[in-house]
Amino acid sequence: MFINPGTIRSWLYTSEFKNFASQQSIVADIERFKAHNKILGLSGFLITNGTAVMQLLEGPEEILEAVKSKILHDKRHINLKTEAWELETSRAYPDWSMRAIDAADYEALFSEIQSAKIATIATDIARLLFDVTFDP
Ligand SMILES: Cc1cc2nc3c(=O)[nH]c(=O)nc-3n(C[C@H](O)[C@H](O)[C@H](O)COP(=O)(O)O)c2cc1C
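Residue numbers (numbering that gives the first Met the number 0): 0 to 135.
Written as structure tokens, this is what we have:
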């Protein structure tokens, strides 16, 4: 049987902001990341409660590689753990150039995340990790 490994790279990680990030500064940063992702053709989501971060990014391999290496070296967060680095045949969140959510609303985003049309290894792991990452 021929198994198509796919051409969409998908990266899921968790990390923690180094200093508790004020909602306003997160929103400003995330708006910049989102605009950058749109230009690059990356999609995904970022959830944070001000400390814990879970981000899923998906797109062409070389582009995601380059952004990944910037995020890995970004001093604004620590304890970064890659939870998935997979090739997929299609995107789970084609319409989100990076959907971001504030602390109070992340439960609502989670139900939208659960409604992802396509279940990938990364979306499955995101579901499993959600409570561990964001429960007080
Ligand atoms: C938690 C977190 C998430 C980030 N997510 C993105 C992202 O989705 N896209 C992006 O371009 N940069 C993101 N960045 C910022 C990158 O680390 C980097 O600062 C940005 O790509 C600009 O790099 P440059 O100025 O060297 O081009 C994120 C940073 C942090 C701390």
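Even for Gly, the Cβ is constructed at its ideal location relative to N, Cα and C. This one's a predicted model, so the numbers in the text were calculated from it and none came from an experiment.
As DSSP reads the structure, Trp10 sits in a beta bridge with Leu56, Trp84.
Under the 10 Å beta carbon count, Leu45 is surrounded by 16 or more other beta carbons and is classified as buried.
CA-to-CA, the gap between Thr6 and Glu61 works out to about 11 Å. Close CB contacts of Leu39 within its chain, under the 6 Å cut and outside five residues either way in sequence, are with Ile62 (chain order).
Minimum Cα-Cα distance from Arg8 among the listed residues Ser14, Arg126, Thr122 corresponds to Thr122.
Secondary structure of Leu127 (DSSP, three-state): helix.
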